[in-house]
Amino acid sequence: MASATSTRTDASTTPWPSADAGGDQRDRNGGALCAPPSTQNDEGVYGFFGEYYFLSNFFPAEIKFMGIKFRSVEHAFQAHKYPLEERSQFTEVDADEAKRLGRAAPNFNGEYWDRVRDNLMFSLVLYKFSNNEELREKLLATGGKYLEETNDWDDHYWGVCNGEGDNKMGKTLMTVREIVR
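Sequential numbering of the sequence shown, starting at 147, is according to the numbering used here.
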């Protein structure tokens with residue numbers, strides 16, 4: 147069975163210059179970036195920053211889910227690692243803090259989370275783009291382009307780093323784009 151992980155090994159298919167090509171792109175810790183902040187070519191969008199930040203889970207967009215209003219998809223996603231009665235703490239923090247809280251969830255059940263996270267993310271992203279006309283139009287304006295959450299934080303599940311990863315976030319966005327079309 148073929149792996150769902152994408153691997154780019156041909157530098158000619160990479161839409162950005164590599165550090166080997168004279169680029170001096172560094173991450174926040176001084177290491178080489180997996181990709182520049184955000185790039186686009188005729189085939190795709192690589193990285194959800196700058197003009198494509200609206201594709202990011204961190205982008206401010208009210209998400210009402212299970213009776214709670216969250217500031218972004220990231221807030222709602224991370225909150226669901228907690229029991230319902232503890233989720234309101236996510237309404238008062240920024241997206242970075244929401245992610246930190248999610249990583250520190252006590253009594254976290256990894257096996258359960260692995261079973262529900264993809265469907266949860268899909269539901270949240272669908273809500274984001276179904277309930278905000280401006281964001282829906284921006285998503286549709288990406289046309290049929292490939293969307294890839296290129297990142298420099300080694301997320302190989304939701305994104306792609308150093309040309310490798312499952313790009314679940316990009317695939318979710320492309321599926322949602324077809325649904326809201």
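Beta carbons are placed, not taken as given, at the ideal position from N, Cα and C, and that holds for glycine.
Beta-carbon gap between residue i and residue j smaller than 8 Å
{"i": "LYS284", "j": "PHE200", "result": "yes"}
{"i": "GLU294", "j": "TYR228", "result": "no"}
{"i": "PHE236", "j": "LEU247", "result": "yes"}
Element boundaries [alpha helix (DSSP H), containing residue i]
{"i": "GLU280", "result": "279-286"}
{"i": "LEU230", "result": "Note, LEU230: premise wrong, no alpha helix (DSSP H); not H, not E."}
{"i": "PHE223", "result": "219-225"}
{"i": "GLY309", "result": "Note, GLY309: premise wrong, no alpha helix (DSSP H); not H, not E."}
{"i": "TYR328", "result": "Examination of residue 328 is not possible in this model, given that the chain is present from 147 through 327 alone."}
{"i": "GLU243", "result": "241-249"}
Residue i: first and last residue of the uninterrupted beta strand (DSSP E) it sits in
{"i": "TYR292", "result": "292-294"}
For residue i, the nearest candidate out of the options (CA to CA)
{"i": "THR321", "options": "HIS221, GLY248 and LYS291", "result": "LYS291"}
{"i": "SER202", "options": "SER234, GLU279, ALA225 and ASP242", "result": "ASP242"}
{"i": "GLU277", "options": "LYS210, TYR198, GLY196 and PHE195", "result": "Reading off the sequence, residue 277 comes out as Asn, not Glu. Closest by alpha carbon: LYS210."}
{"i": "LEU266", "options": "PRO252, TYR198 and GLU220", "result": "GLU220"}
{"i": "GLU231", "options": "ARG323, ASP264 and MET212", "result": "MET212"}
{"i": "GLU238", "options": "ASN253, GLU257 and ALA222", "result": "ALA222"}
{"i": "GLU279", "options": "PHE195, GLU208 and ASP298", "result": "GLU208"}
Beta-carbon contacts of residue i that lie in its chain and below 6 Å, excluding the five residues immediately before and after
{"i": "GLY316", "result": "LEU293, GLU294 and GLU295"}
{"i": "ASP170", "result": "Model confidence at ASP170 stands at a pLDDT of 38, short of 50, so the residue's coordinates are unreliable and nothing is read from them."}
{"i": "GLY311", "result": "HIS302 and GLY305"}
{"i": "GLU189", "result": "TYR292"}
{"i": "ARG261", "result": "none"}
{"i": "TRP259", "result": "none"}
{"i": "ARG323", "result": "LEU285"}
{"i": "ALA244", "result": "GLU220, HIS221, GLN224 and PHE236"}
Spatial neighbours of residue i in its chain, beta-carbon cut-off 8 Å, leaving aside the 5 residues before and after
{"i": "VAL326", "result": "LEU272, PHE275, SER276, ARG282, LEU285 and LEU286"}
{"i": "GLY289", "result": "none"}
Sequence-distant residues of the same chain with beta carbon closer than 7 Å to residue i, five excluded per side
{"i": "ARG233", "result": "ILE214 and ALA225"}
{"i": "ALA206", "result": "This sequence places Pro at residue 206; Ala is not what is there. Same-chain partners within the cutoff: ARG217 and SER218."}
{"i": "ALA251", "result": "LYS227 and TYR228"}
{"i": "LYS314", "result": "ASP264, TYR303 and TRP304"}
Requested in this report: Could you tell me which uninterrupted beta strand (DSSP E) segments, each at least 3 residues in length, are contained entirely in the segment 188-213, listed from first to last along the chain?
Outcome: 190-192 and 209-211
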